[in-house]
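Report on the structure given below.
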Amino acid sequence: MFVLVTGGVGYIGSHTCVELIQAGFEPVIIDNLSNSKEVVLNRIEMITGKRPEFMQGDVLDSTFLNTVFEKYPFAAVMHFAGLKAVGESVQKPFMYYENNVSGSLNLIKAMELAGLQNLIFSSSATVYGMPGSVPIREDFPTSTQNPYGASKLIVEGMLIDLAKANNEWNIATLRYFNPIGAHESGLIGEDPKGIPNNLLPFISQVAVGKLACLNVFGRDYDTPDGTGVRDYIHVVDLARGHVCALEKVLAQSGHFVVNLGTGNGYSVLEMIRAFETASNQSIGYKIVDRRPGDIATCYADPELAKTFLGWQAEFDLARMCVDSWRWQSNNPNGFD
Numbered sequence: 001m002f003v004l005v006t007g008g009v010g011y012i013g014s015h016t017c018v019e020l021i022q023a024g025f026e027p028v029i030i031d032n033l034s035n036s037k038e039v040v041l042n043r044i045e046m047i048t049g050k051r052p053e054f055m056q057g058d059v060l061d062s063t064f065l066n067t068v069f070e071k072y073p074f075a076a077v078m079h080f081a082g083l084k085a086v087g088e089s090v091q092k093p094f095m096y097y098e099n100n101v102s103g104s105l106n107l108i109k110a111m112e113l114a115g116l117q118n119l120i121f122s123s124s125a126t127v128y129g130m131p132g133s134v135p136i137r138e139d140f141p142t143s144t145q146n147p148y149g150a151s152k153l154i155v156e157g158m159l160i161d162l163a164k165a166n167n168e169w170n171i172a173t174l175r176y177f178n179p180i181g182a183h184e185s186g187l188i189g190e191d192p193k194g195i196p197n198n199l200l201p202f203i204s205q206v207a208v209g210k211l212a213c214l215n216v217f218g219r220d221y222d223t224p225d226g227t228g229v230r231d232y233i234h235v236v237d238l239a240r241g242h243v244c245a246l247e248k249v250l251a252q253s254g255h256f257v258v259n260l261g262t263g264n265g266y267s268v269l270e271m272i273r274a275f276e277t278a279s280n281q282s283i284g285y286k287i288v289d290r291r292p293g294d295i296a297t298c299y300a301d302p303e304l305a306k307t308f309l310g311w312q313a314e315f316d317l318a319r320m321c322v323d324s325w326r327w328q329s330n331n332p333n334g335f336d
């Protein structure tokens with residue numbers, strides 16, 4: 001059964017392709033390689049014994065998309081392709097709206113033309129904005145603090161309207177929290193371009209000596225140690241959640257929204273200590289001013305994923321850090 005995976009060479013997409021293959025699906029990847037490297041395909045083959053079909057191209061290119069849909073009888077689409085750096089989105093908002101919103105609209109149009117109506121959309125907990133309480137449930141109000149979050153929320157709204165207008169569409173919107181970790185093989189993991197935007201890749205690069213010091217943004221939050229608390233989820237758990245969502249979409253009609261998180265919150269200082277234990281390295285850090293828009297605490301209520309999808313996260317923080325360190329130490333320069 002063929003599944004189109006947009007952005008499938010990226011961090012979450014590549015791990016999901018591994019899980020798809022191991023679950024008996026045949027992923028076909030499209031990716032413009034703007035934030036990823038084609039060598040990932042070799043690594044997926046080393047892990048699974050199968051090399052996914054790959055076509056280089058952009059979801060902004062309607063002609064390319066139509067060619068892809070004409071070539072394969074897809075059962076569903078998993079849509080990961082998009083830009084995801086919050087800070088960059090503030091500096092270049094229209095680039096984010098073009099890639100994330102226009103790209104998604106192009107994809108939906110191409111699916112309609114091909115008669116394909118099964119979609120899993122990669123959204124984000126960013127759409128909850130400044131939640132009034134935790135844990136965060138799917139029925140919490142949505143709002144946006146930055147263009148990245150706004151772009152995700154716009155696409156979510158498009159999908160809600162699409163499902164209302166045509167009940168033959170089957171759509172899963174997955175709001176994930178903070179993916180970290182890497183495949184246990186150490187062959188694939190997160191390989192950010194330039195200075196990492198996310199906490200754990202930054203910690204990893206300090207541990208391996210690529211970066212000198214970690215900036216901790218604020219130590220005056222209303223949390224146990226004063227640093228921000230987030231819900232970190234192992235990327236393999238997240239990938240398996242996508243497979244569960246795919247199976248649900250293929251089995252029943254309708255549109256659903258589900259959080260993918262662990263339900264546990266860890267502070268920045270707890271993350272540093274956990275990674276020091278996993279790597280046996282000292283992580284240098286300094287406290288600096290808060291970043292505008294950062295919130296004190298954010299973690300999921302994972303109950304709906306458990307009851308509706310039959311999914312829950314398995315890997316604990318120690319395992320996330322061990323797998324991250326294996327990836328980083330085996331690949332100090334990423335996929336280069």
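full-length UniProt numbering puts the last residue of the sequence shown at 336; the count rises by one with no breaks.
Glycine is no exception: its CB is placed at the ideal position from the N, C-alpha and C atoms.
DSSP lists E26, F74 as the bridge partner or partners of F2. Comparing alpha carbon positions, the residue from D58, I120, I136 closest to S102 is D58. Around the C-beta of C213, fewer than 16 other C-beta atoms lie within 10 Å, and the residue is accordingly described as exposed. Within the DSSP bridge table, the entry for V229 names S267, T297 as partners. The beta carbon of A278 sits closer than 6 Å to those of C321, V322, W325, all from its chain and outside the five residues before and after it, given in chain order.
Taking a cut-off of 8 Å for Cβ pairs, the stretch 258–274 and the stretch 307–317 touch, as three or more such pairs fall below it. Linking M158 to K286 through their CA atoms gives a straight-line distance of about 42 Å.
DSSP, read as helix, strand or coil, puts V59 in coil.
Listed in chain order, the beta strand (DSSP E) elements of length 3 or more contained wholly in the stretch 302–334 amount to none.
Within its own chain, the residues whose Cβ lies closer than 7 Å to the Cβ of I203, once the five positions on either side in sequence are excluded, are L214, M271, I272, F275, I283, listed in chain order. Nearest in C-alpha terms to E26, of all of K37, I44, E38, is I44. Taking C-beta atoms under 8 Å as the contact rule, F80 and G8 qualify, at a distance of about 7 Å.
With at least 16 other beta carbons inside 10 angstroms of its own, K152 counts as buried. For V90 against N146, the beta-carbon gap comes to about 6 Å, under 8 Å, which counts as contact.
Linking Q328 to L200 through their CA atoms gives a straight-line distance of about 11 Å. Annotation for C244: L309, G310, W311 place their beta carbon closer than 7 Å to its own, counting only its chain and skipping 5 residues before and after. Here the alpha carbons of V18 and A182 stand approximately 12 Å from one another. The continuous beta strand (DSSP E) containing K286 extends over residues 285–288. By the Cβ neighbour-count rule, V288 is exposed, with fewer than 16 other Cβ atoms within 10 Å of its own. Every unbroken stretch of the alpha helix (DSSP H) spanning 4 or more residues and falling wholly within the stretch 144–193 is given here in chain order: 147–165. Residue state for E138 is assigned as coil, using DSSP reduced to three classes.
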